[in-house]
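Asks: I'd like to ask you about the structure that follows.
There are 2 protein chains.
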Amino acid sequence: KLSIGTVERLIHYYRCVEELIIEGQTCISSEELAEKTGYTPAQVRKDLTWHGALGVPGKGYATDVVQQVLRKLLGKHRPRLVGLVGVGHLGLALLRHPDFHKHGFHIVAGFDKELTKIGHSIDGVYIYDVSQIEKVCPLLKIEMGLVAVPPLEAQKVSDALIRAGVLGILNFAAVRLSVPSHVHLENVDLSIELEKLSCRIEGWL
Amino acid sequence: KLSIGTVERLIHYYRCVEELIIEGQTCISSEELAEKTGYTPAQVRKDLTWHGALGVPGKGYATDVVQQVLRKLLGKHRPRLVGLVGVGHLGLALLRHPDFHKHGFHIVAGFDKELTKIGHSIDGVYIYDVSQIEKVCPLLKIEMGLVAVPPLEAQKVSDALIRAGVLGILNFAAVRLSVPSHVHLENVDLSIELEKLSCRIEGWL
Ligand SMILES: NC(=O)c1ccc[n+]([C@@H]2O[C@H](COP(=O)([O-])OP(=O)(O)OC[C@H]3O[C@@H](n4cnc5c(N)ncnc54)[C@H](O)[C@@H]3O)[C@@H](O)[C@H]2O)c1
Ligand SMILES: NC(=O)c1ccc[n+]([C@@H]2O[C@H](COP(=O)([O-])OP(=O)(O)OC[C@H]3O[C@@H](n4cnc5c(N)ncnc54)[C@H](O)[C@@H]3O)[C@@H](O)[C@H]2O)c1
Chain A
40 KLSIGTVERL IHYYRCVEEL IIEGQTCISS EELAEKTGYT PAQVRKDLTW
90 HGALGVPGKG YATDVVQQVL RKLLGKHRPR LVGLVGVGHL GLALLRHPDF
140 HKHGFHIVAG FDKELTKIGH SIDGVYIYDV SQIEKVCPLL KIEMGLVAVP
190 PLEAQKVSDA LIRAGVLGIL NFAAVRLSVP SHVHLENVDL SIELEKLSCR
240 IEGWL
Chain B
40 KLSIGTVERL IHYYRCVEEL IIEGQTCISS EELAEKTGYT PAQVRKDLTW
90 HGALGVPGKG YATDVVQQVL RKLLGKHRPR LVGLVGVGHL GLALLRHPDF
140 HKHGFHIVAG FDKELTKIGH SIDGVYIYDV SQIEKVCPLL KIEMGLVAVP
190 PLEAQKVSDA LIRAGVLGIL NFAAVRLSVP SHVHLENVDL SIELEKLSCR
240 IEGWL
């Protein structure tokens, strides 16, 4: 099992080598990878060696080897299918953000309760009635749900996603959701990002 | 200087004791605080003692003492004023999210370039023309900026915020911004949250 810190570093290494491969770079030293991702060369070597990407002393690591090793680890060998519940301001921003797609995450269905939104396709994503979650998610093999509804609605849509077989929930609503132990929950709280920025400005960080 | 991990824990302790104080609880043990925040009691004790919140063995910590100590550290003794650039889908979701306000962050101005948005007030926040950033931010004492514009516009709005005296930028656009060394930059990349969730589902985390 990896720590969350390790996973974040591996994601950054992966994205870095992915760009380098596109630019035609076949080899990278731990110093260069460290500099591009903001970690120390020692940390980079420790992480890569631990996960089986062996480097050549004095030369570095083959970018395609690093990519292969990390691809498996990060589950990138297959597309990850996502359902979005709540197609409001935040939901629309999530639907239109090109990065998810670029990193292998595909929002394949939206769910809402507003009649003006249901039955339409936004950026190629069909919006279903929220009552259809349990029918549509298994059909489309959705394994992760984005909860972007108002706080009072979040628990019930999360329950519906779980009944539909979803294994992971990314929650944006400002409430503590309760999920069964086999379901993974990640909360996004942008005010925490503001707090960290504020601490940096205060000089504490 | 604190590590980012420590700052995140302190933020969670602060929010926890804030709720307890509202509920009238005057004392909390490290076990209870650990359980409510998801850390270990040993970590809680180490963090609080290090920062001057002394506990009574066998009894715990006075919630108001913990709040005072952390309040200073986290810069919460004063409101933190924020400007939002880009009042699109993401920008509107940020404007309407009640939590920022609750944690002492006040979005006091919005900036956009679309004529249909400029000159209006949304949820009590006036939307200025983006060309007014350098005039308005110092006047309103804005110290942090939220960059929620399309990727190709992000560097130039960030430059304008910096010329206006902003010390911290929270960037949502999928580009690497370049800022001078006295300015703090925090990037929000929700696809990283999806990656972490995916790793949890894969069982790696
Ligand atoms: N995590 C953060 O930092 C952060 C930032 C901004 C917003 N938010 C939160 O994200 C959520 C959405 O914000 P928003 O600005 O997009 O709100 P919004 O009101 O624009 O959108 C909410 C959408 O959910 C739909 N909806 C409501 N109840 C539903 C239900 N039971 N089933 C399906 N759909 C339902 C609405 O019809 C609407 O389309 C809110 O909880 C908000 O507080 C979080
Ligand atoms: N960080 C993440 O995970 C994440 C998630 C969703 C969206 N995003 C990003 O956030 C940004 C905004 O997304 P959105 O869906 O709200 O887009 P949007 O198109 O709905 O909104 C962009 C807004 O910026 C304004 N704008 C454009 N150029 C400007 C300029 N030079 N000065 C001032 N305002 C300007 C537009 O008029 C519009 O109101 C995009 O870069 C998007 O990729 C990031």
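Each protein sequence line maps, in turn, to chains A and B.
All the letters of the first sequence, read from the start, carry residue numbers 40 to 244 under the numbering used here.
All the letters of the second sequence, read from the start, carry residue numbers 40 to 244 under the numbering used here.
Even for Gly, the Cβ is constructed at its ideal location relative to N, Cα and C.
1) So, using beta-carbon positions, are Val-147(A) and Val-164(A) closer together than 8 Å?
2) Can you name, in chain order, every residue of its own chain whose Cβ lies under 7 Å from the Cβ of Val-104(A), other than the five neighbours on each side?
3) Is it a yes or a no for the segment 124-140 of chain B touching the segment 58-73 of chain B, going by three-plus beta-carbon pairs under 8 Å?
4) Strictly by DSSP, which residues pair up with Ile-231(B)?
5) Classify Asp-162(A) as helix, strand or coil using the three-state DSSP reduction.
6) What in chain A is Cβ-close to His-223(B), meaning under 7 Å?
7) By the DSSP assignment, the alpha helix (DSSP H) with Glu-173(A) in it spans what residues?
8) Determine whether the Cβ of Leu-59(B) lies closer than 8 Å to any Cβ atom of chain A.
9) Name the chain A residues that come within less than 9 Å of Glu-153(B), Cβ to Cβ?
10) Would you mind telling me which residues of chain B sit closer than 9 Å to Ile-166(A), beta carbon to beta carbon, in chain order?
11) Say whether chain A places a C-beta atom closer than 8 Å to the C-beta of Ala-81(B).
12) When DSSP labels each residue in this structure, what does His-67(A) get in the three-state scheme?
13) Compile a chain-ordered list of the residues in the segment 171-202 of chain A whose CB is closer than 9 Å to at least one CB of chain B.
14) Any heavy atom of ligand 1 closer than 7 Å to the Cβ of Lys-152(A)?
15) Mind checking whether Asp-168(A) and Ala-213(B) have CB atoms under 8 Å apart?
16) How about the segment 216-230 of chain A and the segment 192-200 of chain A: do they share at least three Cβ pairs that are nearer than 8 Å?
17) Suppose contacts are defined by Cβ-Cβ distances below 8 Å. Is Ile-157(A) in contact with Ile-166(A) by that definition?
18) Check each candidate in Leu-191(A), Lys-235(A), Leu-49(A), Ala-193(A) and name the one with the smallest Cα separation from Lys-115(A).
19) What residue from Ala-187(B), Val-205(B), Val-188(B), Gln-194(B) has the CA that sits closest to Ile-181(B)'s CA?
20) My guess is that Leu-209(A) and Leu-236(B) are in contact by the Cβ rule of under 8 Å, so how many angstroms apart are they, rounded?
21) Anyone know if the C-beta pair for Pro-118(A) and His-145(A) falls short of 8 Å?
22) 8 Å is my cut-off, CB to CB: does Gly-207(A) come that close to chain B?
23) With a threshold of 7 Å (Cβ to nearest heavy atom), would Ser-42(A) be considered close to ligand 1?
24) My output table needs one value for Gly-122(A): the three-state DSSP class, helix, strand or coil.
25) So if DSSP puts Gly-149(B) in a beta bridge, which residue, or which two residues, is it bridged to?
26) Could you tell me the distance, in whole angstroms, from the CA atom of Val-188(B) to the CA atom of Phe-211(B)?
27) Please identify, using Cβ separations under 9 Å, the residues of the segment 78-104 of chain B that lie next to chain A, in order along the chain.
28) When you measure from the CB of His-128(B) to every non-hydrogen atom of ligand 2, does any distance come out below 7 Å?
29) Can you give me the Cβ contacts of Leu-123(B) inside the same chain, cut-off strictly under 8 Å, excluding the 5 residues immediately before and after it?
30) Do Thr-7(B) and Thr-65(B) have their C-beta atoms within less than 8 Å of each other?
31) Locate the beta strand (DSSP E) running through Glu-225(A), then write down its first and last residues.
32) Flag Asp-228(A) as yes when its Cβ comes closer than 7 Å to any non-hydrogen atom of ligand 4, and as no otherwise.
33) Are the CB atoms of Ile-240(A) and Gly-207(B) within a distance shorter than 8 Å?
34) Under three-state DSSP, which class holds Leu-185(A)?
35) Can you give me the C-alpha to C-alpha distance between Gly-242(B) and Ser-42(B), rounded to a whole angstrom?
36) Only counting the same chain, and skipping five residues up and downstream in sequence, which positions put a Cβ closer than 8 Å to that of Leu-179(B)?
Replies: So, from the listed chains and residues:
1) yes
2) Ala-92
3) Under the three-pair Cβ rule at 8 Å, the segment 124-140 of chain B does not count as touching the segment 58-73 of chain B.
4) In DSSP, Ile-231(B) forms no bridge with anything.
5) coil
6) Leu-236, Arg-239, Ile-240
7) 172-179
8) No, because no Cβ of chain A sits closer than 8 Å to the Cβ of Leu-59(B).
9) Simply none; closest approach about 15 Å.
10) Those within 9 Å of Ile-166(A) in chain B number zero; the least Cβ separation is about 15 Å.
11) no
12) In the sequence on display, residue 67(A) carries Ile and not His. Ile-67(A) falls in the strand class under three-state DSSP.
13) Glu-182, Met-183, Leu-185, Ala-187, Pro-190
14) yes
15) No; because the gap between Cβ atoms is not below 8 Å, this pair is not in contact.
16) yes
17) For the pair Ile-157(A) and Ile-166(A), the CB atoms are nearer than the 8 Å cut-off.
18) If we check each option's Cα against that of Lys-115(A), Leu-49(A) comes out closest.
19) Val-205(B)
20) 6 Å
21) yes
22) yes
23) Checking the 7 Å criterion, the Cβ of Ser-42(A) is out of range of every heavy atom belonging to ligand 1.
24) Strand, per DSSP.
25) Leu-123(B), Ile-166(B)
26) Roughly 8 Å separates the two Cα atoms.
27) none
28) yes
29) Excluding positions up to five away in sequence, the list reads Gly-130, Leu-133, Leu-134, Ile-146, Ala-148, Gly-149, Phe-150, Val-164, Gly-184, Leu-185, Ala-187.
30) Any property of residue 7(B) remains undetermined from this structure, which presents chain B solely from 40 to 244.
31) Following the DSSP letters along the chain, one finds Glu-225(A) inside the beta strand (DSSP E) bounded by residues 223-226.
32) Within the structure as shown, ligand 4 is missing, the only ligands being ligand 1 and ligand 2.
33) The criterion of a C-beta distance shorter than 8 Å is satisfied by Gly-207(B) and Ile-240(A).
34) strand
35) Across the structure, Gly-242(B) and Ser-42(B) are spaced so that their CA atoms are roughly 27 Å apart.
36) Leu-120, Gly-122, Val-147, Ala-148
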